[in-house]
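All remarks here apply to the structure that follows.
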Amino acid sequence: MTRSLDLEEDKALEGISQEKSPSAHRPSTQDSEENAARTQIEPTPEVQLPPPPDGGLHAWLKVLGGFLVYINIWGFTLAYGAFQTYYKHELLSDSNASAISWIGTVQAWLLISVGVLTGPLFDLGYFRSMLYLGNFLVVFGIMMLSLCKEYWQVFLAQGLCMGLGAGLLYIPSLALVGIWFERKRALAMGVVMSGIAVGGIIYIIMFDRLTKSTGFPWAIRAMGFIALFAAALSFPALLSGSSILARPRRARRLFDKSALTDKLFIIFTCSTFFNFLGYIVPYFYIPSYAQDKLGTSDSTALYILVASVAGSFFGRLGCGVMAHYLGSTFTWMLCSLSSGILSLAWISIEKESTFVAFSVLWGFFSAGLVTLPSAAFANICPDLSLLGTRLGMSWGVSSIASLIGAPIAGALLKDKNGHVDFIGVQIWSGVCLLAGTGWLCVLWICTVKKLKKGWWV
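Here it is as structure tokens:
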């Protein structure tokens, strides 16, 4: 079935090239001789992709495949708060909170930073190799995690191995979806991104239930089998009808020197950097706060994290609607401001019900800090042909913030008379987010002046 679909695709591509070539309608011996001579002199042109079909079996299979991949790579990242609490109290009780958080932040940092480097490899036609290797590393890392008993073992399996695998999958799985859609691209991307929240919810609940009934090793193995099943389904979905992509195309540049003198680029990068410093912190410490500060059970603490991840699912949908009417930059600024205020309001929370409400609201508003920057960047990029290069440069810098944000917060935890004081964590997250909001205000004003289309940008 796949072979026949690929043959149909090749025929369609040949038809497109013939329509664009006048000689296809007026063949002659002279034309053939001229074409043969020209072929010997001119280099082979790069492969041009056909227009996006905006639907059909192949296109929606890409959406399914991307959704399954994001369940694995981002689901584990958002679920790290569950691991943080378990490691602190059980598996790695000899390590402090800051050291434990390095495992999760290295995983998140590699996901983003390696993802930036995979763009040119995707353009060169290596997407199949990246899908195979990335999925292998993710599943292998999970299975090796089930055998770990020491800090360095957990760091290698969950931090490095899973992080590298996730980084190889991050861009290719999303780019494959983008190539097959144009008018429906936002809808298709939204479905793929929803896999982030779905994966987080699935893995947190599995971790909570299975660690109590079967123990940590078999709980992780069960999660590994789920990840293996999702990866196995994603292969045919993402690779069907994609033979044209295996042919090399011109790879985009990794670095654009002119961006360093672009005021808007620098302001945008500062905004994302400070946002990322504070964004990941609550996700890592919500279960610990519920358990150590509010005295909830282990299960309740993890289900509060589930509520936050569920809030992020609806937040991604809500932010998309708001951005449509208010503009991506303005909506991003509102989300950053709301997240910063919530982080500082976290200081006064002493009741479980209030903390649940905080967690849901946090998940809702903080979702925009990840989904909106790419759309906002398109407004300020002077040349859309450099969009991927410049956005990759900015994300590369911002990924450093995702690496160091949670460990710094963990170092600010204080233990007073057997009670954990989280005020340093809360202030750190809130101040970083409000600093990012300040930079976003400047970015919004500059963007309004540049585009001259009103304040909704």
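Going letter by letter, the sequence shown gives residues 623 to 1079 in this note's numbering. Ideal Cβ placement from N, Cα and C applies to all residues, glycine included.
**Item:** Residues near residue 666 by beta carbon distance below 6 Å, same chain, minus five either side
**Value:** Residue placement at residue 666 cannot be trusted, given a pLDDT of 43 that sits under 50; what the coordinates show is reported in the next sentence. Close CB contacts of residue 666 within its chain, under the 6 Å cut and outside five residues either way in sequence, are absent.
**Prompt:** Does DSSP classify residue 879 as helix, strand or coil?
**Reply:** Under the three-state reduction of DSSP output, residue 879 falls in the helix class.
**Request:** Please say whether residue 688 and residue 1082 have beta carbons closer to each other than 8 Å?
**Result:** Outside the shown range of the chain, which is 623 to 1079, sits residue 1082, and nothing can be said about it.
**Message:** Quick check on the burial criterion: 16 or more other C-beta atoms within 10 angstroms. Buried or exposed for residue 659?
**Reply:** At residue 659, the pLDDT of 41 sits below 50, so the modelled position is not reliable and the matter cannot be decided from this model.
**Request:** Tell me whether the beta-carbon of residue 1018 lies closer than 8 Å to the beta-carbon of residue 937.
**Result:** No, the Cβ-Cβ distance between residue 1018 and residue 937 is not below 8 Å.
**Request:** Using a threshold of 8 Å, state whether the C-beta atoms of residue 902 and residue 930 are closer than that.
**Result:** Not in contact: residue 902 and residue 930 (Cβ atoms no closer than 8 Å).
**Request:** Rounded to whole angstroms, what's the CA-CA distance from residue 875 to residue 1008? Just pull it up for me.
**Result:** Rounded to whole angstroms, the separation of the alpha carbons of residue 1008 and residue 875 is 8 Å.
**Request:** Output yes or no for whether 8 Å exceeds the beta carbon distance between residue 1084 and residue 977.
**Result:** The question about residue 1084 has no answer, for the chain in this structure spans 623 to 1079.
**Message:** Give the list of continuous alpha helix (DSSP H) stretches no shorter than 4 residues that lie fully inside the segment 768-850.
**Reply:** Runs found: 773-776, 784-802, 807-835.
**Request:** Quick one: grab the DSSP three-state call for residue 1071.
**Result:** Helix at residue 1071.
**Message:** Considering only their Cβ atoms, is the gap separating residue 773 from residue 717 smaller than 8 Å?
**Reply:** Judged by beta-carbon spacing, residue 773 lies within the 8 Å limit of residue 717, meaning their Cβ atoms are closer than that value.
**Contact belief for residue 1021 with residue 731 at Cβ below 8 Å, rounded distance in angstroms** = Confirmed, about 5 Å.
**Asked** If you count every other CB in all the chains shown that lies within 10 Å of the CB of residue 1004, and 16 or more means buried, which is it?
**Response** Under this definition residue 1004 is an exposed residue.
**Prompt:** So the beta strand (DSSP E) residue 1041 belongs to, where does it begin and stop?
**Reply:** Where residue 1041 is concerned, the enclosing beta strand (DSSP E) stretches over 1041-1043.
**Request:** Check the C-beta distance from residue 964 over to residue 948 and give it rounded, since I have them as a contact under 8 Å.
**Result:** Not a contact, Cβ separation roughly 19 Å.
**Assigned exposure category for residue 1039 - 16 Cβ within 10 Å defines buried** = Flag for residue 1039 reads exposed.
**Prompt:** Would a C-beta distance cut-off of 8 Å place residue 799 and residue 685 closer than the cut-off?
**Reply:** Taking 8 Å as the Cβ cut-off, residue 799 and residue 685 qualify as a contacting pair.
**Message:** Taking a contact to mean a Cβ-Cβ separation below 8 Å, would you say residue 787 touches residue 758 in this structure?
**Reply:** The answer is yes: Cβ separation under 8 Å.
**Prompt:** Along the chain, where does the beta strand (DSSP E) that runs through residue 1037 open and close?
**Reply:** Following the DSSP letters along the chain, one finds residue 1037 inside the beta strand (DSSP E) bounded by residues 1036-1038.
**Asked** Given a threshold of 16 other Cβ atoms within 10 Å of its Cβ, counted over all protein chains shown, does residue 651 qualify as buried or as exposed?
**Response** Because residue 651 sits at a pLDDT of 44, beneath the cut-off of 50, its placement in the model cannot be relied upon, and the point is left open.
**Prompt:** Where does residue 745 sit, in a helix, a strand or coil, going by DSSP?
**Reply:** Residue 745: helix per DSSP, three-state reduction.
**Message:** With a threshold of 6 Å on Cβ separation, who are the neighbours of residue 822 within its own chain once the five nearest residues in sequence on each side are excluded?
**Reply:** Hits under 6 Å: 697, 700, 701, 931.
**Message:** Looking at the secondary structure, which residues open and close the alpha helix (DSSP H) in which residue 1116 lies?
**Reply:** With the chain covering 623 to 1079 only, the question about residue 1116 has no answer from this structure.
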